[in-house]
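Worksheet for the structure shown next.
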Amino acid sequence: MTRGATKYLPLLPVYLIYLVLFLVAEGMPGMWQLMAMLVFYCAVGQAFNIFLGMTGYVNFGYVAFLALGTYGMALSIYHFHQLPLGVGIVLLGLLLAVVMAVLLALMVGAVALRLGGAYFAIATIGVNEGFRYLIEGTKIWGGSEGIIFSKQLLDTFGREVANKLSTFWADVSVLIIAALAALITLHFIRGKTGYALMALREDEEAAKVMGINVTKYKLIAFVTSAALAGLIGAMAWGLKLTYVFPPEAFDISYTVEGIIIVMLGGAGTLLGPVVGGLLYGLAKYWLTVILPGFQLLIFAPIIIVVVVAFPEGIVGMLRQRLKGTPFEPFVL
Amino acid sequence: MALLKLDRVTKRFGGLVAVNEVSLEIEQGELIGIVGPNGSGKTTLYNLISGIYHPDEGRVFFEGRDITDLPPYERAHLGIARTFQISRPFGSATVRENVAVGALFGTLHGQIGVEEAMEVADRYIELVGLTPERDKPAGALTPVEKKLMEIARALAMRPKLLLMDEAMAGMHPKDIDKLVAFLRKVRDEEGIAIVAMVEHIMRAVVGMAERVMVMHQGRKMVDAPTAEALGDQRVVDIYLGRPLEEV
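First to last, the protein sequences are chains R and G.
Per numbering that gives the first Met the number 0: the first sequence = residues 0 to 331.
Per numbering that gives the first Met the number 0: the second sequence = residues 0 to 246.
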């Protein structure tokens with residue numbers, strides 16, 4: 000096999016999992032919402048992993064990028080639905096989502112990424128809450144009442160298409176975004192960027208004297224991660240729910256969930272966030288069913304055990320075990 | 000034109016003057032030893048050259064260019080490489096990946112891709128004799144192997160100036176002799192100026208350095224050819240304790 004082809008082998012298990020999720024959703028009645036939730040967590044894990052996993056920096060303001068993506072979609076459909084764009088309005092929403100998430104990432108990153116790990120984490124906590132209060136306080140973008148755009152969606156596309164967009168294409172798009180995130184992650188890990196990020200994650204000062212512009216590479220990871228989050232927010236929250244409501248969109252618990260998924264699966268790995276997203280999603284669903292209200296109480300100790308027992312995450316451990324076996328090239 | 004020139008460089012930490020008006024010139028391909036007791040300012044001097052610290056006073060020149068305000072990574076691109084007193088491998092990455100980072104981001108940065116960097120890495124790994132360890136995580140190496148890995152990683156940057164911080168501490172005398180011979184060879188073949196900072200191991204200084212700079216309380220006390228510097232009465236009194244022949 001050529002080197003070029005082997006490079007892409009680690010994508011196989013990731014895409015296989017996504018295919019199975021899609022087939023189950025399509026084929027088994029009543030499974031669509033659960034599968035959509037799993038795909039959402041996988042996608043968030045992958046987007047988050049590109050920054051948290053690959054740089055080792057924790058961004059507590061992560062959900063702000065999802066929220067801005069949601070607003071991007073909401074603003075596009077709410078304000079521009081009369082333009083004769085057709086489905087293009089959704090594409091405009093995606094574009095706006097990415098632009099807004101990237102702009103915020105550039106603003107926050109250019110300042111906060113010059114700080115060391117712990118200071119960065121603290122600085123980012125404020126971003127999330129600050130942005131929410133900015134929207135609520137200045138009453139921009141609907142203020143604390145948010146934006147409901149289901150009517151605009153109906154007016155533009157008619158009941159059938161609007162329904163199809165919200166209940167089918169929104170979820171499928173998240174799957175596509177997740178697949179895209181995996182491709183980007185692989186490209187980063189295997190390329191020069193991956194080496195720079197590995198070095199700065201392990202020892203930032205050593206990385207600097209070895210010629211790595213650490214701020215630049217952190218910013219690359221941060222902006223990429225934010226752009227993907229914006230896309231996910233636009234689809235999984237915006238187009239799917241057809242409303243955006245600040246306390247929900249800026250709910251910090253999604254950031255915490257993202258951290259859990261990445262740590263559980265294996266930070267900085269390709270397959271890790273997918274495995275983490277699946278396990279977290281399933282466990283959350285199951286605990287919600289059997290012990291509603293207690294899911295966090297039960298989940299916290301499980302996470303602690305996993306993080307202590309497998310500090311490199313499930314996939315990190317798996318990679319160690321598979322060294323030298325024929326499966327090695329498939330797990331990254 | 001000197002390769003590196005320090006012009007009355009001073010660095011203070013609060014009331015402590017760690018490096019006090021030190022001037023120094025290093026020519027291309029020189030082998031220099033910097034000796035001095037703990038706290039004499041050696042590591043601070045390295046940090047000023049590699050750009051971790053900005054001097055409070057004085058300027059730093061590299062190949063005639065004022066690099067005082069350049070960040071560390073740009074100095075690395077120009078050809079300044081260093082190793083650390085306590086080895087700082089990228090522990091979870093393999094030896095090969097560690098050394099490839101040097102090739103990717105050193106003076107060759109932007110000119111070579113990952114695969115070529117791997118080839119450069121393999122060459123330097125072989126030079127320092129770590130080929131059997133190539134695919135191990137760098138964190139799993141012995142302390143001496145880590146030092147060798149760091150040297151390979153720094154050399155893979157294809158630097159013009161290599162600063163080594165206590166590279167030989169904790170090594171067996173035989174290994175020191177081997178490393179000294181290796182460094183002399185590297186200097187002859189690649190024309191790299193090598194500065195080795197040494198606290199205790201005079202064997203390394205005598206074997207390797209052609210010129211020695213002795214630091215004391217942040218100042219440059221002596222800067223002379225090796226035998227002359229280590230024979231200096233002040234150096235004997237303050238640092239060596241007795242003449243070198245007896246050490």
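C-beta atoms are modelled at their ideal positions from N, C-alpha and C, and glycine is treated no differently.
Per DSSP, what kind of secondary structure is residue i in: helix, strand or coil?
{"i": "N97 of chain G", "result": "helix"}
{"i": "P328 of chain R", "result": "helix"}
{"i": "E20 of chain G", "result": "strand"}
{"i": "L84 of chain R", "result": "coil"}
{"i": "V127 of chain G", "result": "coil"}
{"i": "M0 of chain R", "result": "Note that M0 of chain R scores 43 on pLDDT, short of 50, meaning its location in the model is unreliable; the coordinates nonetheless yield the value given after this. Residue state, collapsed to three classes: coil."}
{"i": "R318 of chain R", "result": "helix"}
{"i": "H215 of chain G", "result": "strand"}
{"i": "P36 of chain G", "result": "coil"}
{"i": "F89 of chain G", "result": "coil"}
{"i": "M167 of chain G", "result": "coil"}
Indicate whether at least one CB of chain R lies closer than 8 Å to the CB of residue i.
{"i": "G122 of chain G", "result": "In the sequence on display, residue 122 of chain G carries Arg and not Gly. No, its Cβ sits nowhere closer than 8 Å to a Cβ of chain R."}
{"i": "H76 of chain G", "result": "yes"}
{"i": "I31 of chain G", "result": "no"}
{"i": "M117 of chain G", "result": "no"}
{"i": "M156 of chain G", "result": "yes"}
{"i": "L47 of chain G", "result": "no"}
{"i": "R7 of chain G", "result": "no"}
{"i": "F181 of chain G", "result": "no"}
{"i": "Y72 of chain G", "result": "yes"}
{"i": "R64 of chain G", "result": "no"}
{"i": "I247 of chain G", "result": "What is shown of chain G runs 0 to 246, which leaves residue 247 of chain G out entirely."}
{"i": "F104 of chain G", "result": "yes"}
{"i": "V100 of chain G", "result": "yes"}
Within the continuous alpha helix (DSSP H) that includes residue i, where are the two ends?
{"i": "F59 of chain R", "result": "Segment: none, F59 of chain R is in no alpha helix (DSSP H) and carries neither H nor E."}
{"i": "F156 of chain R", "result": "149–163"}
{"i": "A180 of chain R", "result": "169–189"}
{"i": "R81 of chain G", "result": "Note, R81 of chain G: premise wrong, no alpha helix (DSSP H); beta strand (DSSP E) at 79–81."}
{"i": "M207 of chain G", "result": "201–207"}
{"i": "L295 of chain R", "result": "294–308"}
{"i": "A151 of chain G", "result": "142–154"}
{"i": "K215 of chain R", "result": "213–231"}
{"i": "L33 of chain R", "result": "31–47"}
So, is the C-beta of residue i closer than 8 Å to a C-beta in chain G?
{"i": "L321 of chain R", "result": "no"}
{"i": "V314 of chain R", "result": "no"}
{"i": "A308 of chain R", "result": "no"}
{"i": "V19 of chain R", "result": "no"}
{"i": "I301 of chain R", "result": "no"}
{"i": "Y194 of chain R", "result": "yes"}
{"i": "M99 of chain R", "result": "no"}
{"i": "K217 of chain R", "result": "no"}
{"i": "G210 of chain R", "result": "yes"}
{"i": "A73 of chain R", "result": "no"}
{"i": "E201 of chain R", "result": "yes"}
{"i": "E204 of chain R", "result": "yes"}
{"i": "G264 of chain R", "result": "no"}
{"i": "K6 of chain R", "result": "no"}
{"i": "V13 of chain R", "result": "no"}
{"i": "G271 of chain R", "result": "no"}
{"i": "A109 of chain R", "result": "no"}
Can you tell which of the options has the C-alpha that lies nearest to the C-alpha of residue i?
{"i": "G57 of chain G", "options": "G:D174, G:D6, G:R122", "result": "G:D6"}
{"i": "A226 of chain R", "options": "R:A42, R:L8, R:Q294", "result": "R:A42"}
{"i": "G193 of chain R", "options": "G:V194, G:F104, G:E132", "result": "G:F104"}
{"i": "A63 of chain R", "options": "R:G129, R:G92, R:E25", "result": "R:G129"}
{"i": "F244 of chain R", "options": "R:G142, R:G116, R:Y14, R:G71", "result": "R:G142"}
{"i": "V173 of chain R", "options": "R:K6, R:L33, R:K207, R:F39", "result": "R:F39"}
{"i": "L91 of chain R", "options": "R:V101, R:M99, R:M72", "result": "R:M72"}
{"i": "D154 of chain R", "options": "R:G87, R:I76, R:A177", "result": "R:I76"}
{"i": "V208 of chain R", "options": "G:Y123, G:E73, G:E20", "result": "G:E73"}
Under the assumption that residue i contacts residue j (Cβ atoms under 8 Å), give the Cβ distance between them as a whole number of angstroms.
{"i": "R87 of chain G", "j": "A153 of chain G", "result": "Going by Cβ atoms, the distance from R87 of chain G to A153 of chain G rounds to 11 Å, so no, they are not a contact pair."}
{"i": "G52 of chain R", "j": "L230 of chain R", "result": "Not quite, the Cβ-Cβ distance comes to about 18 Å (not below 8 Å), so this is no contact."}
{"i": "V204 of chain G", "j": "V94 of chain G", "result": "About 28 Å; that fails the 8 Å criterion."}
{"i": "Y279 of chain R", "j": "I259 of chain R", "result": "6 Å"}
{"i": "M156 of chain G", "j": "T106 of chain G", "result": "6 Å"}
{"i": "G257 of chain R", "j": "G265 of chain R", "result": "Between G265 of chain R and G257 of chain R the Cβ distance is about 14 Å, and since that is not below 8 Å, they are no contact."}
{"i": "G10 of chain R", "j": "L182 of chain R", "result": "Residue 10 of chain R is actually Leu in this sequence, not Gly. Indeed, because the Cβ distance is near 7 Å, the residues count as touching under 8 Å."}
{"i": "I188 of chain R", "j": "L82 of chain R", "result": "Contact flag wrong, Cβ pair sits at about 40 Å."}
{"i": "Y334 of chain R", "j": "F119 of chain R", "result": "This structure gives no information on residue 334 of chain R, because the portion of chain R shown stretches from 0 to 331."}
{"i": "I49 of chain R", "j": "A220 of chain R", "result": "6 Å"}
Verify the contact flag: residue i, CB atom, against every heavy atom of the ligand MG, threshold strictly below 7 Å.
{"i": "L37 of chain R", "result": "This structure lacks the ligand MG; in fact it carries no ligand of any kind."}
What span of residues does the beta strand (DSSP E) with residue i cover, start to end?
{"i": "K219 of chain G", "result": "218–224"}
{"i": "D164 of chain G", "result": "160–164"}
{"i": "A266 of chain R", "result": "Neither: A266 of chain R is in no beta strand (DSSP E) and is coded neither H nor E."}
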